[in-house]
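Heads up: the structure comes next, in structure tokens.
Chains as they are written, first to last, in the working numbering: chain A, 322 to 636; chain B, 2 to 275.
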């Protein structure tokens with residue numbers, strides 16, 4: 322168990338272990354660090370590559386390495402490994418379906434005080450549009466460790482969304498048993514389910530506790546693999562509820578809620594869905610993540626209010 | 002001295018022209034400016050390529066980063082026995098493997114192209130891997146001068162010199178034109194050789210239509226004091242077809258019947274002299 326670890330350290334430690342045994346594992350950073358990376362750099366200098374603050378170069382070089390047999394992990398702050406080099410990821414990695422893992426740190430509003438340039442509130446929308454990508458969002462550092470193992474054991478074009486700050490432990494060592502489906506029904510509930518991924522799953526659990534005090538039993542489902550998303554058992558599970566609420570720290574356009582809606586539509590499940598996320602024209606101000614979540618009405622209290630309105634409407 | 006290569010020049014230009022005319026599709030002038038560069042690589046003993054075996058692990062990697070001209074590689078790859086020559090007649094067709102741009106479904110094509118500015122980084126990755134594995138593989142990357150507008154080229158140029166990738170060889174096909182006109186008029190690039198040099202590369206300036214000049218440039222491979230090598234090759238876009246030479250509007254234009262006659266006449270005369 323690695324409860325207090327940062328997700329990035331849990332993830333990189335696992336890659337490091339595998340790199341010690343396999344010289345074809347290479348880790349490329351665009352000038353982004355981690356405590357766990359220090360050992361890697363020190364002990365495996367030929368397997369750690371600094372690409373410069375040059376994300377485009379990092380991806381193209383990673384492609385050259387992957388084409389000649391290396392297992393490539395690319396690492397940078399979330400906004401820069403997604404939008405900054407989207408062209409490279411789309412035109413070259415996706416086009417050739419290379420077994421390259423892109424590791425993003427600080428998705429959503431993780432870099433709260435850094436504001437707009439460091440927000441990554443559209444990565445689900447843009448990355449899930451890429452052909453053949455696998456997108457994984459760990460909910461805690463143990464899950465990050467198991468997702469790293471999965472990336473090593475089952476290498477393919479993958480985008481991993483890590484939190485900047487530690488998250489409460491949730492799954493212990495259970496994640497591998499959920500890997501087939503890519504989601505976890507964290508708490509089965511009645512009538513309404515909260516559906517989320519990663520950081521927002523912790524918020525959903527708090528919302529559930531508040532409703533439980535009033536005897537309302539909300540379901541909580543963590544969809545940690547946003548692509549490929551489960552097309553059969555997930556819509557079936559969701560259809561057991563009267564309505565669902567999707568919660569995300571992303572722009573609603575093309576985001577997580579959109580992915581869930583598409584899954585329901587494709588499975589011909591017709592049901593009320595309330596999406597909670599960031600709307601267009603959101604304001605940029607100084608503040609920590611909790612403050613920003615309140616401002617954008619995606620904090621626990623705002624979610625509670627919205628769920629109450631939904632309950633009044635449909636129950 | 003280069004008689005055989007000179008006749009290959011003629012063969013490749015005709016093959017490219019026929020492929021393009023069969024399907025009324027292709028970027029002829031961009032191919033024609035780098036014919037001698039390609040022939041040198043594949044038939045001049047510069048790049049290590051193995052007949053009938055595109056996947057030989059000892060091979061060198063040849064990338065056409067200016068992907069709109071990647072079709073120029075196809076007749077060569079067929080000649081090397083990587084796929085049947087009949088494929089050339091099915092260029093861009095659904096039942097063929099050869100696309101307007103190249104991708105690595107095609108035997109002998111090392112990576113996808115079509116979007117500019119990726120080849121130097123991909124070549125750097127390949128060259129770096131060869132260094133890490135202590136192998137002799139080299140990467141040869143042909144980029145356009147217009148392509149050098151892409152910032153990613155310079156990110157990778159800096160990277161390659163830091164990692165001392167003297168097994169990475171870039172050839173800049175300086176044909177002076179992009180789609181809308183002359184680079185000099187549209188957005189002046191200044192002295193490209195000086196730019197590469199300032200990024201830590203060993204620079205050789207060559208006449209891109211003269212085998213003696215190109216070969217002299219490639220001769221320094223392995224003697225660059227650890228620096229990656231760039232050949233700044235001065236070329237003529239459309240070289241070999243009189244009415245296309247140096248005229249930007251021919252970038253992806255297909256000639257009419259009259260013009261095809263003229264082009265075929267031009268292609269009977271080999272304009273390459275040394």
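Glycine included, every Cβ here is placed at the ideal spot set by N, Cα and C. Computed from a prediction, not measured in an experiment: that's the story for all the values here.
With hydrogens ignored, establish whether the beta-carbon of residue i is closer than 7 angstroms to any heavy atom of the ligand GDP.
{"i": "residue 266 of chain B", "result": "For the structure depicted, the ligand GDP is absent and the ligand set is empty, with no information on it obtainable."}
Can you have a look at residue i and say buried or exposed, based on whether 16 or more other CB atoms are within 10 angstroms of its CB?
{"i": "residue 123 of chain B", "result": "buried"}
{"i": "residue 417 of chain A", "result": "buried"}
{"i": "residue 5 of chain B", "result": "exposed"}
{"i": "residue 189 of chain B", "result": "exposed"}
{"i": "residue 552 of chain A", "result": "exposed"}
{"i": "residue 9 of chain B", "result": "buried"}
{"i": "residue 509 of chain A", "result": "exposed"}
{"i": "residue 322 of chain A", "result": "With a pLDDT of only 47 at residue 322 of chain A, under the threshold of 50, the placement of this residue in the model should not be trusted; the figure read from the coordinates follows. Residue 322 of chain A is exposed by the Cβ-count criterion."}
{"i": "residue 274 of chain B", "result": "exposed"}
{"i": "residue 58 of chain B", "result": "exposed"}
{"i": "residue 1 of chain B", "result": "The structure shown does not extend to residue 1 of chain B, since chain B spans only 2 to 275, so no value can be given for it."}
{"i": "residue 213 of chain B", "result": "exposed"}
{"i": "residue 270 of chain B", "result": "exposed"}
{"i": "residue 459 of chain A", "result": "buried"}
{"i": "residue 461 of chain A", "result": "buried"}
{"i": "residue 30 of chain B", "result": "buried"}
{"i": "residue 199 of chain B", "result": "exposed"}
{"i": "residue 185 of chain B", "result": "exposed"}
{"i": "residue 76 of chain B", "result": "buried"}
Please confirm whether residue i and residue j have their CB atoms less than 8 angstroms apart.
{"i": "residue 394 of chain A", "j": "residue 336 of chain A", "result": "yes"}
{"i": "residue 398 of chain A", "j": "residue 332 of chain A", "result": "no"}
{"i": "residue 153 of chain B", "j": "residue 114 of chain B", "result": "no"}
{"i": "residue 168 of chain B", "j": "residue 131 of chain B", "result": "yes"}
{"i": "residue 628 of chain A", "j": "residue 544 of chain A", "result": "no"}
{"i": "residue 351 of chain A", "j": "residue 374 of chain A", "result": "yes"}
{"i": "residue 209 of chain B", "j": "residue 34 of chain B", "result": "yes"}
{"i": "residue 563 of chain A", "j": "residue 630 of chain A", "result": "no"}
{"i": "residue 546 of chain A", "j": "residue 539 of chain A", "result": "no"}
{"i": "residue 507 of chain A", "j": "residue 526 of chain A", "result": "yes"}
{"i": "residue 524 of chain A", "j": "residue 624 of chain A", "result": "yes"}
{"i": "residue 328 of chain A", "j": "residue 465 of chain A", "result": "yes"}
{"i": "residue 111 of chain B", "j": "residue 62 of chain B", "result": "yes"}
{"i": "residue 229 of chain B", "j": "residue 161 of chain B", "result": "yes"}
{"i": "residue 173 of chain B", "j": "residue 146 of chain B", "result": "yes"}
{"i": "residue 598 of chain A", "j": "residue 575 of chain A", "result": "no"}
{"i": "residue 88 of chain B", "j": "residue 98 of chain B", "result": "yes"}
{"i": "residue 541 of chain A", "j": "residue 515 of chain A", "result": "yes"}
Starting from residue i, trace the alpha helix (DSSP H) in both directions and tell me its first and last residue.
{"i": "residue 19 of chain B", "result": "4-24"}
{"i": "residue 329 of chain A", "result": "328-342"}
{"i": "residue 267 of chain B", "result": "258-269"}
{"i": "residue 235 of chain B", "result": "That residue, residue 235 of chain B, is in no alpha helix (DSSP H); its beta strand (DSSP E) goes 230-235."}
{"i": "residue 41 of chain B", "result": "36-44"}
{"i": "residue 80 of chain B", "result": "75-80"}
{"i": "residue 29 of chain B", "result": "29-33"}
What span of residues does the beta strand (DSSP E) with residue i cover, start to end?
{"i": "residue 368 of chain A", "result": "Residue 368 of chain A -> no beta strand (DSSP E), and no H or E assigned at all."}
{"i": "residue 62 of chain B", "result": "62-65"}
{"i": "residue 169 of chain B", "result": "169-175"}
{"i": "residue 554 of chain A", "result": "Counting along the chain, residue 554 of chain A falls outside any beta strand (DSSP E), though it belongs to the alpha helix (DSSP H) covering 554-560."}
{"i": "residue 544 of chain A", "result": "540-544"}
{"i": "residue 348 of chain A", "result": "346-350"}
Closer than 7 angstroms by beta-carbon distance: list the chain D residues that pair up with residue i, in chain order.
{"i": "residue 125 of chain B", "result": "Structure shown: chain D not included; protein chains present are A and B."}
Completely contained alpha helix (DSSP H) runs for the region 448-535 of chain A, where each covers 4 or more residues: 462-474, 496-499 and 520-534
Length at least 3, wholly inside the region 125-157 of chain B: the beta strand (DSSP E) runs in chain order: 140-145
Any alpha helix (DSSP H) of 4 or more consecutive residues that is wholly inside the region 182-217 of chain B: 184-187 and 193-199
Touching by the beta-carbon criterion (3+ pairs, under 8 angstroms), the region 168-181 of chain B and the region 229-237 of chain B: yes
Residue ranges of each alpha helix (DSSP H) within the region 565-624 of chain A, 4 or longer: 577-587 and 610-616
Given 8 angstroms, three or more beta-carbon pairs between the region 355-364 of chain A and the region 485-496 of chain A: no
Complete runs of the alpha helix (DSSP H) confined to the region 360-435 of chain A [at least 4 residues]: 376-388 and 399-403
Contact between the region 18-29 of chain B and the region 253-260 of chain B (3+ Cβ pairs under 8 angstroms): yes
contact_flag[the region 90-103 of chain B, the region 137-157 of chain B] where n(CB pairs < 8 angstroms) is 3 or more: no
Sufficient close CB pairs (3 or more, under 8 angstroms) joining the region 380-394 of chain A to the region 409-416 of chain A: yes
The region 436-453 of chain A in contact with the region 565-582 of chain A per 3-pair CB rule at 8 angstroms: yes
Cβ pair count under 8 angstroms reaching 3, the region 476-488 of chain A against the region 420-432 of chain A: yes
The region 603-616 of chain A in contact with the region 581-595 of chain A per 3-pair CB rule at 8 angstroms: no
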